[in-house]
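Numbering (the working numbering), first residue to last: 487 to 845.
A virtual CB, placed ideally from N, CA and C, is assigned to each residue, including glycine.
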Amino acid sequence: MGRRYFLIALLFIGVVVGPGISAPAQQKQSDMTVVHVTVNMVQLDVAVTNNKGQYVTGLGPGNFAVYEDGIREKIAAFGEENSLPRSVRYSSHGGKVTGLGNILADGAPGAISPSAPGASVFILFDTSNYMYRQFALARDAIAQFVRSLNRSDRVAFYSYSRDFFRACPLSDQHTQVLDAVRSTVAGDDAALYNALLWTLKDADKFSGRRVVVVFSNGPDDASMVSPEDVRELAQSEGIPIYMISTRAAERDPLSTAVFKRIATSTGGKAYFAGHWQDQQKAFESIRADLEHLYMLSYYPAPNPNNGWRKITVKLIGKNLQKYHIRTRTGYRPRALADTAESFPFQGNASPGSVQTGSK
């Protein structure tokens, strides 16, 4: 989900009187009620394709209708491909879209300007013993993917086995990322969902378009986080997940089903690429996706549902209903107390050890 804004309304109780004011009156004068109002801008990355899987470009905000729990939402900002999102203008009568306004600048935390064009791409690489035989080829495929990204894209490179390692934090210097990829070494057991949770928490510190690309052999034998918890977190944060498995789908039905569910519900894709040529094609498909996504943002209309909210996006216009839409399917509004240290673990479980920097 997009940035969270806090509007503080100060309601002063009492009136200003002369110097003869009594102690109780002075107390009343200093009393105030602080009302916290949360306004959550929901951001959607939307892919529109035809029956052949080709991207449909050139659409505007007036071609989209967004519904949350069946309630029609008003699109507040719109962006296409690598352009920065702009505010959407509406007519005073009828509320029809009349065009785009100013570029939206966001003040989310992070060393890199969140209002820069391009995407923030978080790559998570499986360095467990499951990947041992394909390690060198997998590393080369990731390096080629980094080289193919636009210069405006920021990239982070993380790896995991039993532990999670931030090899290169989010950077616009792609050569630094490539150095981290080349220096990665193999590990032991696989704690994919622990690592994916940490990656999502990092990605949520930035605004704009954020995606996570997972390159994994599939099995997870060490996580203390369930894939369903990770999936719901990604949906609520509005971060598409692209899952690349080096196993053919029929070889690991359980991981295949989980990967597909995570990718589909977050607006990403799942690939099952047993050969390095297929892995290269998967990365090319992800790069193409990043270049053709629409960005829609809205402030939710009043909704009594504080639980899971379903999102539906439809196309408006002549002959547009024949196209296919891919985006996240919903989210859960987050409470004010949500922090970077809170994790959806059962009991006292910990997400494993975390390392940052060089090994």
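With fewer than 16 neighbouring CB atoms inside 10 Å of its own CB, residue 743 falls in the exposed class. For residue 702, the enclosing beta strand (DSSP E) covers residues 695 to 702. For the 8 Å CB-CB criterion, residue 632 and residue 610 do not form a contact.
In the DSSP assignment, residue 558 falls within the beta strand (DSSP E) that extends over 557 to 559.
In the structure shown, residue 655 adopts extended strand secondary structure according to DSSP, grouped into three states.
Annotation: the continuous beta strand (DSSP E) that includes residue 608 extends over 605 to 612. Within a 10 Å sphere around the beta-carbon of residue 740 sit fewer than 16 other beta-carbons, which makes this residue exposed.
Rounded to whole angstroms, the Cβ separation of residue 608 and residue 681 is 11 Å, and the two are not in contact under 8 Å. Residue 616 sits close to residue 705, with the two beta carbons spaced by under 8 Å. Taking 8 Å as the cut-off, the beta carbon of residue 569 is found no closer than this to the beta carbon of residue 614. Straight across, the Cα-Cα distance linking residue 753 with residue 530 is about 9 Å. Bounds of the beta strand (DSSP E) holding residue 533 are 528 to 535. Within its own chain, the residues whose Cβ lies closer than 8 Å to the Cβ of residue 748, once the five positions on either side in sequence are excluded, are 713, 716, 717, 720, 727, 729, 754 and 756, listed in chain order. Bounds of the alpha helix (DSSP H) holding residue 769 are 762 to 777. Of the candidates 723, 578 and 672, the residue whose Cα lies closest to the Cα of residue 623 is 672. Distance from the Cα of residue 586 is smallest, within the candidate group 571, 580 and 578, for 571. The residues 552, 553, 784, 786 and 787, in chain order, have a CB closer than 7 Å to that of residue 559 in the same chain once the five nearest residues on each side in sequence are set aside. Per DSSP, the beta-bridge partners of residue 812 are 533.
In the structure shown, residue 729 adopts extended strand secondary structure according to DSSP, grouped into three states. Non-local beta-carbon contacts of residue 545 in its own chain, meaning distances under 7 Å to residues more than five positions away in sequence, involve 534 and 780 in chain order. In terms of CA proximity to residue 738, 703 leads the group 800, 703, 808 and 557.
Straight-line measurement puts the Cα of residue 709 at about 6 Å from the Cα of residue 679.
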